[in-house]
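Encoded as structure tokens, the structure appears first; notes follow it.
Numbering (the numbering used here), first residue to last: 501 to 601.
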């Protein structure tokens, strides 16, 4: 599974502002790289929130999640707040698994 973390350029503070996350479940990118596929999807999903869609950029991450119950990946598009909550849940699950081992 590929997770795209979506940011918007902030030229005043010279850093990116977190906008949200996109979860890609398909394996075939239809001839595009992960970056191209994620950027196109991010501009469609989050483009209405920015003045210029070209200010949006993504970081694709490969994630392997064996148990989808802890992570609601069916939604596909997460807001900034939802993304932070999901990442907190993943961190907690990883810590619990380490303790069990």
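From the three backbone atoms N, C-alpha and C, an ideal C-beta is built for every residue, glycine too.
For residue 557, same chain residues with a beta-carbon under 6 Å away, outside a window of 5 residues either side, are 507 in chain order. Inside the region 505-570, DSSP marks whole beta strand (DSSP E) runs of 3 or more residues at positions 515-524 and 556-562, from first to last along the chain.
Cβ-Cβ separation between residue 559 and residue 505: approximately 5 Å, consistent with a contact (criterion under 8 Å). Residue 577 is bridged by DSSP to 522.
Straight across, the Cα-Cα distance linking residue 549 with residue 600 is about 42 Å. Ranked by Cα distance from residue 553, the options 533, 525 and 539 are led by 539. Between residue 517 and residue 523, the alpha-carbon positions lie close to 19 Å from each other.
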